[in-house]
Amino acid sequence: MSCLLLTFLYVGSLYVCWSSLPRDHPKVVKRRCVSVLLVSAASPAFVNIWMHWADITVDGFPWELMGVRLRGFIPASVLPLLLTTFLYLGPLVQSALDNPDGFTGALQSALDVQSWRLCMRDAEWLRNQVVAPVTEELVFRGAMLPMLVPCTGTTAVIFIAPLFFGVAHFHHIMEQLHIGKDSVSAILLGAGLQFLYTTIFGVFAAFILLRTGHIVGPVLCHSFCNSQGLPDFGSALNHHQRPAVLFCYLTGVLLFLVLLFPLTDPFLYGARPVCSLAPSQAKEC
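Under my numbering, think of the first position of the sequence shown as 9, with each following residue one higher.
As structure tokens, this is what we get:
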């Protein structure tokens, strides 16, 4: 119930000042960014209040339970992101092949300073790549996992916590119905697909937080996935270099599966404060 309340607070903050403008309008984007930043900033206090209510005492601060800490910060920033990059090896190679200047052009485009400056001035880009990953991970992973782990343990929570994240995206149905651009069936289908892939990502993000004890990994992976979107398997099957592209897709998935546990080995990251809340600490930590 505490997690459900926090979900309503996060989503509800988006509609404090209802507007007829579309969600991607700069004014709406800026106002919503401020509202979710306030909710995420208050999430440690929410966790602290819940701990008092549930009569749970731990050493340290709520921020540490939420994965905000310095020890092991560098590997927690690099290794989960590297793991996610392997998963997107196919789409990345496909994008480079489609670039007129090849791999060199794709790399130069990614490192272009002027392009990054333009992005930093774009409210929509900041929402998708910075504000959404930071606030959603703090609220739906950082704050919710400490509240769920004492009830479910560290294994079941990986699959339970993402359900709140998936359900939170259903508010887009109301926005799309208000716009009236698509049919009701198309909107519901899109919402179902969004629930599916956001929940799947939520499982991965919860796994990363529990294995590393850091929130920075899920935040960076979230931002990277937002920038890449869902892999376009249809275009990969019809690509003029289909064998090479499909080989990269398969290789990336295999690398991800093989390295999933080695690159998230808790030994690399130090203590995992959230695991101290598990009912059976000796077994799960």
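C-beta: ideal position from N, C-alpha, C; glycine also.
{"Query": "For GLY260 and PRO251, the rounded distance between their alpha carbons", "Result": "14 Å"}
{"Query": "DSSP three-state assignment for ALA290, whether helix, strand or coil", "Result": "Its pLDDT being 47, under 50, ALA290 is placed unreliably by the model, and the measurement read from it follows with that caveat. Residue state, collapsed to three classes: helix."}
{"Query": "Contact the region 77 to 85 vs the region 36 to 44: 3+ CB pairs below 8 Å", "Result": "no"}
{"Query": "Short Cβ contact (7 Å threshold) for GLY174 with THR207", "Result": "yes"}
{"Query": "Complete runs of the alpha helix (DSSP H) confined to the region 122 to 191 [at least 4 residues]", "Result": "131 to 134, 140 to 145, 152 to 176, 179 to 187"}
{"Query": "ILE64 in three-state terms, based on DSSP", "Result": "coil"}
{"Query": "Cα-Cα separation between ARG31 and TYR18, rounded to whole angstroms", "Result": "16 Å"}
{"Query": "Backbone CA spacing between TYR257 and PRO226 [nearest angstrom]", "Result": "22 Å"}
{"Query": "Three-way DSSP call (helix, strand, coil) for TYR205 in this model", "Result": "helix"}
{"Query": "Buried or exposed by the 16-neighbour rule on C-beta atoms within 10 Å, applied to THR220", "Result": "buried"}
{"Query": "Straight-line gap, ALA290 to LEU22 (C-alpha atoms, nearest Å)", "Result": "Confidence at ALA290 is low in this model, with a pLDDT of 47, below 50, so its placement is unreliable and no value can be given for it."}
{"Query": "Euclidean distance between Cα positions of LEU78 and LEU268", "Result": "23 Å"}
{"Query": "GLN116 - containing alpha helix (DSSP H), residue span", "Result": "110 to 118"}
{"Query": "Residue range of the unbroken alpha helix (DSSP H) whose run includes PRO251", "Result": "250 to 267"}
{"Query": "Contact set for TYR96: own chain, Cβ-Cβ below 6 Å, skip 5 residues either direction", "Result": "GLN236"}
{"Query": "Rounded straight-line distance, which links the Cα of HIS33 to that of GLU132", "Result": "8 Å"}
{"Query": "Beta carbon of GLU145 nearer than 7 Å to that of ILE223", "Result": "yes"}
{"Query": "C-beta atoms of ALA176 and VAL55 nearer than 7 Å", "Result": "no"}
{"Query": "ILE223, DSSP secondary structure in three states", "Result": "coil"}
{"Query": "Meets three-Cβ-pair contact criterion under 8 Å: the region 240 to 255 and the region 189 to 202", "Result": "no"}
{"Query": "Beta carbon of PHE172 nearer than 7 Å to that of THR272", "Result": "no"}
{"Query": "Alpha helix (DSSP H) segment containing PRO70, residue limits", "Result": "70 to 73"}
{"Query": "CB of VAL165 within 7 Å of CB of LEU153, strictly", "Result": "yes"}
{"Query": "PRO83 in three-state terms, based on DSSP", "Result": "helix"}
{"Query": "For ILE64 and LEU119, the rounded distance between their alpha carbons", "Result": "47 Å"}
{"Query": "Buried versus exposed, by CB contacts within 10 Å (16 or more), HIS230", "Result": "buried"}
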